[in-house]
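S.K.: End of the sequence shown = 210 in the numbering used here, gap-free, step of one.
Glycine included, each C-beta is placed from N, C-alpha and C at the ideal position.
Nothing here was measured: the structure is a model prediction, and the numbers come from that model.
Handing you this structure, nothing more for now.
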Amino acid sequence: MMENKVFLSFTFYSTILILKMYVVAIITGQVRLRKKAFANPEDAVRNGGLQFCRQDPDVERCLRAHRNDMENIFPFLFLGAIYSLLDPSPTVARIHFLIFCVGRIIHTIAYLLRLRAPTRSLAYSVAQLPCFSMALQILLATTPYW
């Protein structure tokens, strides 16, 4: 498996994306602490009292960014792993993975920093292109077997 250049490239970009998701989770925790907006009563009590068991728009924005990552990165992990098994061109595969990774990073930055529209939606759309391409190639490669 480690001789497969496509799989190594997929592993690299997937790891970057997972680390990015961890960073968003850490940012969410920091925003909760800064804004004193805790989801659980025990956390609120520990940090000043039950009145801090509440929602905050900034925390909710972080949570939406994280949820959007899960809705998009998890399918990419599946598609990319299967696509890697199809023996695609290493250069073409790397371009697929790079476009998705950069698109998701820009999407998160645009979400968390409230960048002007349509930055976030463009980043989202561009990142979907390689996923659709990989899905189509997987379907075409497996069509004779269904």
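Expressed to the nearest angstrom, what Euclidean distance is found between the alpha-carbon atoms of residue 155 and residue 137?
M.R.: If I take the Cα positions, the gap works out to 21 Å.
S.K.: If you drop the 5 nearest sequence neighbours on each side, which residues of the same chain put their C-beta closer than 7 Å to that of residue 95?
M.R.: So the list reads 122, 123, 126, once near-sequence residues are dropped.
S.K.: Going by beta-carbon coordinates alone, are residue 71 and residue 148 separated by less than 8 Å?
M.R.: It is a contact, given that the beta carbons lie within the stated cut-off.
S.K.: Just to check my reading of the structure: residue 172 and residue 84 have Cβ atoms closer than 8 Å, yes? What is that Cβ distance to the nearest angstrom?
M.R.: Sure, about 6 Å apart at Cβ, within 8 Å.
S.K.: Which residues share a DSSP beta bridge with residue 117?
M.R.: 102.
S.K.: Could you check how far apart the C-beta atoms of residue 212 and residue 163 are, in whole angstroms? I think they sit under 8 Å.
M.R.: This structure cannot settle anything about residue 212, because the visible part of the chain is limited to 65 through 210.
S.K.: Out of 201, 75, 178, point me to the one whose CA is closest to residue 129's CA.
M.R.: Residue 178 is the option with its Cα nearest to residue 129.
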